[in-house]
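First residue of the sequence shown? That's 1 in our numbering, and the numbers climb one at a time after it.
Where a beta carbon is used, it is the ideal one built from N, C-alpha and C, also for glycine.
Encoded as structure tokens, the structure appears first; notes follow it.
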Amino acid sequence: MRINKVALAVTALLAASQVHAAGFQVSEHSASGLGRAFAGEAAIGDDAASLARNPALMATFDKAQLSVVGSYVDPDINVKGVTGYPLAGISASDLDADDIAPAQFVPAMYYIQPINDKFAAGLAIYSNYGTGTEYPDDYAGGSAAGTTSIATVNFNPNVSYRVNEQLSLGAGVSFVYATAELERNAGAGATPAAHIAEMEGDGYGFGWNVGALYEINKNNRLGISYKSKVKTELEGEFKGATTTTPGATIDGTLDLNLPSILEVSGYHKLSEKFAVSYSWQYSTWSDFGDIVAESVDQSDCNDGTLGQCLIKEEDYSNSSRYSVGGEYYLSEAVTLRAGYAFDEQAGKATMSIPDTDRQWYTAGLTYKATPALSFDFAAALVAGKEITFEEELPAIGNQSVEITSSGDAYIYSAQMNYSF
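This is the structure:
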């Protein structure tokens, strides 16, 4: 299998993420969770999809269950030039671009198998990171923002152990596989074919996760979970303006640190008809660092430093996500949900990552067709805060331009759950 990992590392940081969570994190793990803005996810455990947030929740299942999820993310992200530099032949309007993030489909699958009264095992297959942007080939700022896509899959087997009636523990390991594609263009005054960087490929990394659940009683639960940082080992090909031999394709390497995630949740059923839930999620984006791609042969690339093919300095800080949700049990067959979340900006905004604060407004429902079969549906509006920032364009000597980014995203999710 060919592993081209330089592409993944650069793409991961250059990809726009305003349509998802902070940085380039993906939150669309389930339709049931989306309906309550993913509030209480480490404590509720209402279907197998809860395995994505806390492995200890498997201890609450007395039957095997399969959950299959599909989410459709439809962003509407636009950038607008505020100031340009006539000496470089760029006006403010040349930096305008609409609908730069294509719609994406995010699948997931989960299976939980109780072994006995104490132990359960399960497998989660889902994504924690991924996104994409598509600027026009002749976009004036093409040296900083072109075509970019990234997709990751987390294969995550888990086990849980019920200590007593109140306390359950869980743990798992993760194999994270990623694919990516990147293209950057010379920008203003150049033809669409004037590429200054081209990459595509795949890579992998390993991590672990733990969780605990404390059931105060059948109507009140508290949960906590932790996902480790994942170091993705990157190697592959690079073709760009910084190779010492013009037009050459060279081998390169890069390490990428994906942040750890801590989540604390609560669930409280206040009456026979109504329950509330809440979560605080903390991601260590400060672990991410700068992106530095290097050639395997140190003489093959020179981006100011021999052996360095590409460097992009980043300014990321740890960020929090706060969410609250409610559930109304309309009948034995129907549960209604609604939620709100505030997602803090993680990184300094750039044209390719117009990261900003986001507010989530969500609604959803569960329909129980039979005692063994149920369906979840949910929709969300993710409203991004308009933000203005400066960006350096490599193709014009790293001169700065001023950009305003704005936009929202709409998410639609469906889920099937079947108990065996």
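**OP:** Go ahead and pull the three-state DSSP assignment for Gly33.
**Re:** Here Gly33 sits in helix by DSSP.
Original post:
When DSSP labels each residue in this structure, what does Ser228 get in the three-state scheme?
Top reply: coil
Original post:
If we ignore side chains and look at the alpha-carbon of each, how far apart do Ser271 and Pro114 end up?
Top reply: 29 angstroms
Subject >> Nearest candidate by alpha-carbon position, reference Lys203, set Gly236, Glu390, Ser168 and Gly304 >> reply: Correcting the residue type first, residue 203 is Gly in the shown sequence and not Lys. Checking every option, the nearest Cα to that of Gly203 belongs to Gly236.
Subject >> Ser419 to Gln65 span [Cα, whole Å] >> reply: 4 angstroms
Subject >> Limits of the unbroken beta strand (DSSP E) element including Val106 >> reply: Gln104 to Pro114
Original post:
Is DSSP giving Ser277 helix, strand or coil here?
Top reply: strand
**OP:** Please look up how many angstroms separate the CB atoms of Thr243 and Asp297, rounded, as I've assumed it's under 8 angstroms.
**Re:** That belief does not hold up - the Cβ atoms of Thr243 and Asp297 are roughly 11 angstroms apart, past 8 angstroms.
Original post:
Can you tell me whether DSSP reads Ala48 as helix, strand or coil?
Top reply: helix
Original post:
Beta carbon of Ala59: closer than 8 angstroms to some heavy atom of the ligand GDP?
Top reply: The ligand content of the structure shown is nil, which means the ligand GDP is not present either.
Subject >> Nearest-angstrom beta carbon gap, Val69 and Ala103 [assumed within contact, 8 angstroms] >> reply: Incorrect: roughly 17 angstroms between the Cβ atoms, too far for contact.
Subject >> Rounded Cβ spacing between Val159 and Gly170 (contact assumed at less than 8 angstroms) >> reply: 7 angstroms
**OP:** Please look up how many angstroms separate the CB atoms of Ala108 and His29, rounded, as I've assumed it's under 8 angstroms.
**Re:** 6 angstroms
**OP:** Could you tell me which of Tyr226, Glu198, Lys218 and Glu165 sits nearest to Gly172, measuring between CA atoms?
**Re:** Tyr226
Subject >> Length of the line joining the Cα atoms of Val382 and Ala346 >> reply: The alpha-carbon atoms of Val382 and Ala346 are separated by roughly 16 angstroms.
**OP:** Following the continuous beta strand (DSSP E) through Glu263, name the residue where it begins and the one where it ends.
**Re:** Ile261 to Lys269
**OP:** Would you mind reading off the limits of the beta strand (DSSP E) that contains Ser323?
**Re:** Ser319 to Tyr329
**OP:** Starting from Tyr367, trace the beta strand (DSSP E) both ways and give me its first and last residue.
**Re:** Arg358 to Lys368
Original post:
Going by DSSP, what residues sit across from Arg221 in a beta bridge?
Top reply: Glu215 and Tyr267
Original post:
What's the gap between the Cα of Lys239 and the Cα of Gly247?
Top reply: 7 angstroms
Subject >> Beta-ladder partner(s) of Lys239, from DSSP >> reply: Glu198
Original post:
Hey, quick one: how far does the beta strand (DSSP E) through Asp408 stretch, first residue to last?
Top reply: Gln399 to Ser419
**OP:** Can you tell me which of Tyr267, Glu134 and Asn154 puts its alpha carbon nearest to the alpha carbon of Val230?
**Re:** Asn154
Subject >> Given Ile216 as reference, the closest of Glu390, Ser283 and His268 once Cα atoms are compared >> reply: The shortest Cα separation from Ile216 among Glu390, Ser283 and His268 belongs to His268.
Subject >> Ala21 in three-state terms, based on DSSP >> reply: Unreliable placement is indicated for Ala21, whose pLDDT of 49 sits below 50; the coordinate value is still reported in the next sentence. If DSSP states are grouped into helix, strand and coil, Ala21 belongs with coil.
**OP:** Kindly indicate which residue of Asn116, Val73 and Val26 has the alpha-carbon position closest to the one of Thr60.
**Re:** Ranked by how close their Cα comes to the Cα of Thr60, the residues Asn116, Val73 and Val26 have Asn116 in first place.
**OP:** Could you give the DSSP three-state label for Ser299: helix, strand or coil?
**Re:** coil
Subject >> Ranges of the beta strand (DSSP E) found wholly within the segment 52 to 91, counting only runs of at least 3 >> reply: 65 to 83
Original post:
In three-state terms, what does DSSP make of Asp315?
Top reply: coil
Original post:
Hey, Ala43 and Gly223 are a contact pair by Cβ (cut 8 angstroms); roughly how many whole angstroms apart?
Top reply: 4 angstroms
Original post:
Per DSSP, Glu390 is paired with what?
Top reply: According to DSSP, which records beta bridges pairwise, Glu390 is partnered with Glu402.
Original post:
At which residues does the beta strand (DSSP E) containing Ile100 begin and terminate?
Top reply: No beta strand (DSSP E) holds Ile100; DSSP gives it neither H nor E.
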